[in-house]
Amino acid sequence: MNTTMTTTTARARPARFDLVATADNAHSADAEQPGDAAQLGARIRSLRTARAVSLRGLAADLGISPSALSQIERGRMRPSVTRLLQIMSTLNAPLSAAFGEPTGDAVSGGAVSGGAAVLDADSPDEHAATRGDAVVVTRAGDAAVLSLGDGVTYRSLTPVPLAEAEVYETVYPPGSTSSQDAEYLRHTGHEMGTVTAGRLSVDVDGVRHDLGPGDSIRFPSATPHRIRNDGEHTATAVWINVR
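Residue numbers (this note's numbering): 76 to 318.
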C-alpha cells in the first residue's frame, strides 16, 4: 500500500462536514460507563482500511494527531458528536455506518395481523429487511446505540438505513455538548429536531435558540451549528437529518 497515494486520495475526496475549529476532541472511555467504545472504534478502523486510507493520512485530514485517532479506533477514547461526524464524512460514509446492526423483524407483504409472517433476521428471506417494500420493526431494547463523548448517546430510529434521511434520538446529560472546544458543525442537507424532555440550547450561526419539551427547530445543515445542555436535567430530542 502506498501511504502517499492513499493520503492524497483521502484529501481529494470532497467533505460533506466541516468544523469551524478543530482540536483533539475526544473523551477517555475509562471514565465512561461500559458501552460500545471498542466496537465503534473497530467500525471506524474497518471503514478506514476498506478505503485504503492510512491512520496517519486520516488523522492529517481530520487535523488531529495519529495517537488521538489510534486511541479512538482502539476504544480508549470516545469521539465527540462533531468529531464522529467529521470522521464519517472524511471516509465518505453515512453516520449510520458507525452503528451496530439492530435486531429487527421484517414483514413482507400485508400486516402481521393480516397473516403475514414475521421474518427473523436469520431467515432465508433476510434480504426482505433491506427492500423498500418491507416493513421492519426494531424493538426499543434492540435499537443500535452509540455512546459518545460527554455522555451523549445516539439511538438509531431507522431500522434499515435510508439513502435520503437518518433519524436519531439523542440524549444529552446535564452540562454536555456536541463538541468540547466550541466548534460549530457544517454539512450538507437539512436538520429538523424536537425536544421531548429537558431543555437544549441550539446555536445556529451564532444565535442561541433555547428549546423545551415540544419545541421544534429546523435549519440548513450548512449553517454552522452546535448543541448544548446547560440545564440541570437530562435532555432528550429526536432529530431527522435529510441528505
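Backbone N, C-alpha and C fix where the C-beta goes; we use that ideal spot for every residue, glycine too.
Between which two residues does the alpha helix (DSSP H) holding Ser164 run? Residue numbering aside, residue 164 sits at position 89 when the sequence shown is read from its first letter. 156-165 is the span of the alpha helix (DSSP H), which, as asked, contains Ser164.
N- and C-terminal bounds of the alpha helix (DSSP H) containing Ile302: Stepping through the sequence shown from its first residue, residue 302 is reached at position 227. Looking at the DSSP string, Ile302 is not in any alpha helix (DSSP H); the run it does join, the beta strand (DSSP E), is 300-303.
Count the C-beta pairs between the region 296-315 and the region 267-279 that are closer than 8 angstroms, then say yes if the count reaches three, no if not. yes
To the nearest angstrom, how far is the alpha carbon of Phe294 from that of Arg301? One-based indexing of the sequence shown puts residue 294 at position 219. One-based indexing of the sequence shown puts residue 301 at position 226. The straight-line gap from Cα to Cα measures roughly 12 angstroms.
Taking the straight line between their C-alpha atoms, what separation do you get for Val95 and Ile139? For this step, residue 95 is matched to residue 20 along the sequence shown. For this step, residue 139 is matched to residue 64 along the sequence shown. Note that Val95 scores a pLDDT of 38, beneath 50, so its modelled location is shaky; the value from the coordinates is reported in the next line. About 14 angstroms.
So what does DSSP say about Glu266, is it helix, strand or coil? Numbered from its first residue, the sequence shown carries residue 266 at position 191. Correct three-state label for Glu266: strand.
CA-CA distance, Asp136 and Arg126? In the sequence shown, residue 136 corresponds to position 61, counting from 1. In the sequence shown, residue 126 corresponds to position 51, counting from 1. For Asp136 and Arg126, the distance between alpha carbons rounds to 14 angstroms.
What residues in its chain sit with their C-beta under 6 angstroms from that of Asp285, if we drop five residues either side in the sequence? Locating residue 285 in the sequence shown gives position 210, where the first residue counts as 1. The residues are Ser276.
Host alpha helix (DSSP H) of Arg123 (start-end): On the sequence shown, residue 123 is found 48 positions in, with the first residue counted as 1. Run containing Arg123: 112-125, per the alpha helix (DSSP H) assignment.
Residue from Ser129, Pro248, Leu160, Glu258 with nearest C-alpha to Val43: Here the chain has residues from 76 to 318 only, and residue 43 is not among them.
With three or more C-beta pairs closer than 8 angstroms as the rule, is the region 258-265 touching the region 112-121? no
Could you spell out where the alpha helix (DSSP H) holding Leu137 opens and where it closes? Locating residue 137 in the sequence shown gives position 62, counting from the first residue. Where Leu137 is concerned, the enclosing alpha helix (DSSP H) stretches over 130-137.
Mind checking Glu148: buried by the 16 CB within 10 Å criterion, or exposed? As a working mapping, residue 148 is identified with position 73 in the sequence shown. Buried: at least 16 other Cβ atoms inside 10 Å.
Evaluate Gly289 with the Cβ neighbour count: other Cβ atoms within 10 Å of its Cβ, from every protein chain shown; 16 or more gives buried, anything less gives exposed. For the purposes of this step, residue 289 is taken as the residue at position 214 of the sequence shown. When all chains shown are included, Gly289 counts as exposed.
Tell me whether the beta-carbon of Leu160 lies closer than 7 angstroms to the beta-carbon of Glu241. Residue 160 sits at position 85 when you count from the first residue of the sequence shown. Residue 241 sits at position 166 when you count from the first residue of the sequence shown. No. Outside cutoff.
Pull up the distance between the alpha-carbon of Asp256 and that of Arg158, whole angstroms please. If you number the sequence shown from 1, residue 256 lands on position 181. If you number the sequence shown from 1, residue 158 lands on position 83. The alpha-carbon atoms of Asp256 and Arg158 are separated by roughly 11 angstroms.
Could you tell me the distance, in whole angstroms, from the CA atom of Ser222 to the CA atom of Arg151? Residue mapping note: residue 222 aligns to position 147 of the sequence shown, counting from 1. Residue mapping note: residue 151 aligns to position 76 of the sequence shown, counting from 1. Their Cα atoms are separated by approximately 13 angstroms.
At which residues does the beta strand (DSSP E) containing Pro295 begin and terminate? Taking the sequence shown and counting its residues from 1, one reaches residue 295 at position 220. Pro295 -> beta strand (DSSP E) spans 291-295.
Alpha carbon to alpha carbon, how far is Val279 from Ala112? Give it in angstroms, no decimals. Start at 1 with the first residue of the sequence shown, and residue 112 comes out as number 37. Start at 1 with the first residue of the sequence shown, and residue 279 comes out as number 204. In a straight line, the C-alpha of Ala112 is about 29 angstroms away from that of Val279.
Could you tell me which residues DSSP puts in a beta bridge with His284? Counted from its first residue, the sequence shown places residue 284 at position 209. Val277, per the DSSP bridge assignment.
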